[in-house]
Amino acid sequence: MSGTPKITLEQWAAFVAVVDEGSYAKAADLLNKSQSTVSYAIARLEDQLGGQVLKLHGRKAELTDLGKVMVRKAKKLLSEADGIEQLAACVSRGWESEIAIAVDAIYPVSQVLDAIEEFGKKGESATRIRFLETSLSGTDEALLSGLADIVIAPRVPPGFLGEQFSTIEFLAVAHKDHDLHKLDRTLTLMDLEQCRQVVLRDSGIKREQDAGWLGSEQRITVSHFSTSVEVIKRKLAFAWLPTGYIQEELASGEFLPLKLEQGQRRELSLFLINARGDRAGPGVNLLMSIFHRNSKR
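Quick note: the sequence shown uses this note's numbering, first residue 830, plus one each step.
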């Protein structure tokens, strides 16, 4: 077990200030200390390190080879110390040190990032955000196992309360040059079963849910809808995809809706779930309100 560090944070701070300001006098002004105090702190630091970290050229302080290595470590150390202080202040005021958000893959990532960005401006900067991208039963598992504080999912498991706050539209599509479009008629289930479908993998450990709309064995299974888009661009399969992921491709005509007898479009409701309920802290409540407000835009 290592002993107590001999070099103090104050000495490291004096060293970094001299490097950043270029002189002992300017560093002293920055730190609101006397120049002799700063000089003594650097001297003590060099004694402990067993080597010189700064050399003077006139009044300008320059780094030695040892100093170039140490200044990077010193800045990281001071940053971590400042982070610890901010975290302690954050927790003492009742703010969570970390908030985990589990979001089903059908919800647009951009909207999650918008909420996180807004939270960063209005919340506590020391609160860490953990963004869990899940799908199907994986979203339920994140909620039921207590891994998430906030969950966006297509259903609310028993024992939790959730509020419907968004509706995602799915559209059956294929590349404009896919064989299904070449049939030039209304498509049947039998037509679809003869072609490969791209489906989303269940991220749950138990994987109890089927990610595909059909029972066909001809499928490509992927982990995210962005990969599904790439698969369709290569004309390898068709799929039902959230329209939010394929707006550009639909607008350009690269992807065309499939002419189905029924079920070309499907809608899926999404629920916003506060996994902590009455025990939720101010950070969770703030993020919940941001998601609610953004959904109404």
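Heads up, the beta-carbon is just placed ideally off N, CA and C, and yes, glycines get one too.
All of these numbers come straight from a predicted model, not from anything done at the bench.
- In chain order, 856, 860, 867, 870, 871 place their CB closer than 7 Å to the CB of residue 843, counting only its own chain and leaving out the 5 sequence neighbours on each side.
- In the DSSP assignment, the residues bridged to residue 930 are 960, 979.
- Closest in alpha carbon position to residue 1100, among 977, 1112, 983, 1031, is 983.
- Scanning the stretch 1056-1094 from its first residue to its last, the whole beta strand (DSSP E) runs of 3-plus residues come out as 1068-1071, 1084-1086.
- Under the criterion of beta carbons closer than 8 Å, residue 1093 and residue 1066 do not qualify as touching, at roughly 17 Å.
- Shown here, residue 1054 sits in a helix according to DSSP, grouped into three states.
- Taking the Cα positions, residue 913 is about 14 Å away from residue 925.
- Counting along the chain, residue 955 sits inside no alpha helix (DSSP H), nor does DSSP assign it H or E at all.
- Remark: C-beta atoms of residue 939 and residue 890 do not approach each other more closely than 8 Å.
- Annotation: residue 1097 to residue 999 spans about 8 Å, alpha carbon to alpha carbon.
- Taking the CA atoms as reference points, residue 884 sits about 10 Å from residue 894.
- Annotated three-state conformation of residue 1048 is strand, per DSSP.
- Restricted to the stretch 838-885, the alpha helix (DSSP H) segments that are unbroken, complete and at least 4 residues in length are 838-850, 853-860, 864-878, listed in chain order.
- Approximately 6 Å separates the beta-carbon atoms of residue 904 and residue 845; this is inside 8 Å, confirming the contact.
- In the displayed model, residue 974 falls within coil according to three-state DSSP, outside both helix and strand.
- For the pair of segments examined, the stretch 990-999 was found to touch the stretch 1061-1078: the number of CB pairs separated by less than 8 Å reaches three.
- A direct Cα-to-Cα measurement between residue 1118 and residue 1103 gives close to 11 Å.
- Relative to residue 1018, the option among 837, 1090, 1061 whose CA is nearest is 1090.
- When only Cα atoms are considered, residue 1086 and residue 1110 end up about 45 Å apart.
- Residue 910 and residue 956 have their C-alpha atoms spaced approximately 15 Å apart.
- Collapsing the DSSP output to three states places residue 1124 in a helix.
- Following the DSSP letters along the chain, one finds residue 1000 inside the beta strand (DSSP E) bounded by residues 991-1004.
- Separation of residue 862 and residue 892 (C-alpha to C-alpha, rounded to the nearest whole angstrom) is 21 Å.
- By the Cβ criterion, the stretch 927-936 is in contact with the stretch 958-977, since at least three pairs of Cβ atoms, one from each stretch, lie closer than 8 Å.
- Sequence-distant partners of residue 945 (beyond 5 residues in either direction) whose C-beta falls short of 6 Å from its own C-beta, in its chain, are 958.
- For residue 940, the three-state secondary structure derived from DSSP is helix.
- Residue 889 carries a strand assignment under DSSP once its states are collapsed to helix, strand and coil.
- An exposed status is given to residue 1059, since fewer than 16 other beta-carbon atoms sit within 10 Å of its beta-carbon.
- CA-to-CA, the gap between residue 1123 and residue 1062 works out to about 31 Å.
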